[in-house]
Each structure stands twice: as C-alpha cells, then as structure tokens.
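K.L.:
Last residue of the sequence shown: 539 in the working numbering, with the numbers rising by one and none dropped.
The C-beta atom is built at its ideal place from N, Cα and C for all residues, glycine as well.
Note that the structure is predicted; figures quoted are calculated from it, not measured.
Take a look at this one; I'll ask things after.
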Amino acid sequence: MKRRILHCLLFLLVLLGAVAIILPFVWLLSMTLADPKAQTTAAMWQPQQWRWANLPSILVTNLKHLHLVTSFAVALITAFLQLLVSVLAAFVFVHFNFWGKRLFWILLVCTLVIPTAIVIIPNYQMLMASTWTRNLSALIGPEIVNVGAVWLLIATFQVIAQRFYVEAQLDGASDWYYLRHVVIPLTHPSLITVFISQFCLSWNNVLWPLVVNRRLSLLTWPLGLQKLGQQAHFSYQAFLAITTWAIMFLAFIVLWLQKDLLTGIATLVADDDR
C-alpha cells in the first residue's frame with residue numbers, strides 16, 4: 266500500500282513538472298498565432314482567431330536576416346568535431362595505458378567545475394592573436410573539446426567487454442578497425458546522444474558568438490534575431506514566431522532520433538548506477 270502511494274506521488278510530481286515545462290511553449294504558440302491587429306496581452310492563452318499563416322509568413326519575411334545557414338553549419342561542424350575528439354579520447358583512456366593517465370584524467374575532470382564564463386576572456390585573447398576571428402573557426406574551435414562528453418563516452422565504452430579488444434588484437438585487427446567495426450556500432454545510441462546534445466547547445470549558443478562576433482559572416486540566428494529586434498518595424502509577435510520555429514526545428518530532430526536518444530541516455534544512466 267505504501268509503495269502504491271509513493272508511486273502515485275511520484276507520478277503526480279512528474280506530471281506537474283511536465284505541465285510546468287509545457288505551459289510556456291503553449292503560451293508561446295498562442296501568442297505567435299494571434300491576430301497581429303487584435304489587442305493582445307501577455308496573459309492571453311487562447312487567441313480569438315488562430316492565424317496559422319503567421320508562422321510561414323514571418324519566417325519568409327525575415328529569413329535572410331537570421332543567418333540560419335551559418336547557424337546550422339556551425340552547429341553541425343562543432344557537434345561532429347566534438348564527437349570525433351570525444352570518441353578518440355575516450356577510446357585512448359579505456360584501452361591504453363600511459364604514464365600519468367590517472368593524474369591527467371583527474372585534471373580533466375576538475376575542469377568540469379570551472380564556470381564557462383571564466384574561460385571566455387582567455388579564449389577570446391588567444392583568438393585575437395590569430396586570424397581565426399575572420400572566419401567561422403572562431404565559433405567552432407573553442408567548442409570542439411568537451412570533457413563531459415569524453416567522460417560519458419568512457420562510461421559507455423567500458424560496457425563493452427575487454428575480451429573483445431583482446432580477441433581483436435589476437436586476430437590482427439588494428440585499433441582503428443576495432444573502433445570503427447566494433448565500438449561505434451555497439452555504442453551508436455550514446456554517440457547520437459552526445460552529438461544531438463552538442464548540436465542543440467551550439468544552435469542556441471548566444472554568449473560566445475556575441476563576444477567573438479566581429480563580422481557579419483559570424484552572426485548566428487540568436488544574434489540575427491537580436492539585431493532584428495532592435496529595428497523599429499520588427500514586432501514582438503515576429504520575435505515569438507522566429508523563436509517558435511527554432512524550437513520546432515530542435516524538437517523535430519529530437520523526435521526523429523528519439524529511439525536512439527532514449528537508448529543512449531538509458532545506457533549512460535545504467536553505467537552510472539553500476
């Protein structure tokens with residue numbers, strides 16, 4: 266009886282949390298689809314007339330000012346390079362023994378507690394001493410190393426039995442062959458989880474592009490939206506509509522890869538509980 270009551274309370278808690286998360290998106294959609302000529306308030310939840318044409322019309326009108334191609338390229342390249350670096354680093358830490366391995370790993374883990382804002386100025390000063398500020402490398406370079414992603418992939422790679430690696434070596438397989446044909450196929454849900462997580466972070470990143478931006482070619486969609494918001498003719502409803510499109514884009518990617526994402530997250534949680 267007590268266990269059933271506890272499960273009901275947990276279910277109610279999860280339900281309240283889900284409602285609290287969904288409500289802001291419901292309000293965002295209702296404000297976006299309201300009639301621009303009608304009087305609206307911030308407390309409005311249901312427009313008098315749903316105008317679905319607002320979403321495509323506002324996006325098409327401001328498409329060239331949002332730099333969506335730049336944002337997508339930066340997010341895609343950053344996520345791919347970070348995944349590549351994380352996979353190689355995790356493979357080395359799991360299957361190779363070298364001097365100072367434990368100490369080096371402890372130092373890397375300690376960097377997880379360093380706030381992101383602290384490293385912005387050093388990263389900016391290093392970029393100013395190079396030519397990276399003239400192209401997209403300024404947005405991609407500092408983001409391709411993520412110790413958290415390496416740590417998660419190490420936990421995932423450790424699930425694979427060590428005997429597989431020993432047997433592959435006895436059969437004459439190289440480390441690169443073992444990584445490509447054994448490790449990656451067995452852990453691809455976790456790899457997709459890391460990739461999508463970094464893609465979403467890079468897609469929504471505002472602070473670093475705002476600091477390093479020195480040219481129009483370095484603008485991403487959050488900065489393009491900010492620039493549009495400073496114009497007199499740009500409406501508050503257009504701001505909400507573009508934000509809705511950005512959220513829908515990420516939601517589509519997450520739903521498309523939902524199965525692999527859930528499997529990857531479950532694998533990571535199981536590794537932490539082991």
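Would you mind reading off the limits of the alpha helix (DSSP H) that contains residue 272?
P.N.:
Position 7 of the sequence shown, counting from 1, holds the residue named residue 272. 267 to 297 is the span of the alpha helix (DSSP H), which, as asked, contains residue 272.
K.L.:
Consult DSSP for residue 335 and reduce its assignment to one of helix, strand or coil.
P.N.:
Your numbering for residue 335 matches position 70 in the sequence shown. Note: residue 335 maps to helix in three-state DSSP.
K.L.:
Between residue 324 and residue 441, is the Cβ-Cβ spacing less than 9 Å?
P.N.:
For the purposes of this step, residue 324 is taken as residue 59 along the sequence shown, with counting starting at 1. For the purposes of this step, residue 441 is taken as residue 176 along the sequence shown, with counting starting at 1. In this structure, residue 441 does not lie closer than 9 Å to residue 324 by Cβ.
K.L.:
Under 8 Å: do the stretch 339 to 346 and the stretch 460 to 480 share three or more Cβ pairs, one atom per stretch?
P.N.:
Yes, they touch.
K.L.:
Roughly how many whole angstroms lie between the Cα atoms of residue 353 and residue 514?
P.N.:
What you label residue 353 is simply residue 88 of the sequence shown in a count that begins at 1. What you label residue 514 is simply residue 249 of the sequence shown in a count that begins at 1. Each residue's alpha carbon lies about 30 Å from the other.
K.L.:
Got a sec, what are the start and stop residues for the alpha helix (DSSP H) residue 441 sits in?
P.N.:
Residue mapping note: residue 441 aligns to position 176 of the sequence shown, counting from 1. Start and end: 440 to 443.
K.L.:
So residue 420 is in the alpha helix (DSSP H); what residue range does that whole segment cover?
P.N.:
In the sequence shown, residue 420 corresponds to position 155, counting from 1. First-last of the alpha helix (DSSP H) with residue 420: 412 to 422.
K.L.:
Under a Cβ-count criterion, where at least 16 other Cβ atoms within 10 Å of its own Cβ denotes burial, should residue 471 be classed as buried or exposed?
P.N.:
Stepping through the sequence shown from its first residue, residue 471 is reached at position 206. Exposed: under 16 other Cβ atoms inside 10 Å.
K.L.:
Would you check if there are 3 or more beta carbon pairs closer than 8 Å linking the stretch 370 to 382 to the stretch 422 to 437?
P.N.:
Contact between the stretch 370 to 382 and the stretch 422 to 437 is absent, because fewer than three Cβ pairs lie under 8 Å.
K.L.:
Using a 10 Å radius around the Cβ and a threshold of 16 neighbouring Cβ atoms, would you call residue 468 buried or exposed?
P.N.:
Translated into the one-based positions of the sequence shown, residue 468 becomes position 203. Buried, because 16 or more other Cβ atoms sit within 10 Å of the Cβ of residue 468.
K.L.:
Can you give me the Cβ contacts of residue 415 inside the same chain, cut-off strictly under 6 Å, excluding the 5 residues immediately before and after it?
P.N.:
Start at 1 with the first residue of the sequence shown, and residue 415 comes out as number 150. 351, 354, 355, listed in sequence order.
K.L.:
Exposed or buried, residue 537, counting other C-beta atoms within 10 Å across all chains shown (16 or more means buried)?
P.N.:
Taking the first residue of the sequence shown as position 1, residue 537 is located at position 272. Its pLDDT being 49, under 50, residue 537 is placed unreliably in this model, and the coordinates cannot settle the point.
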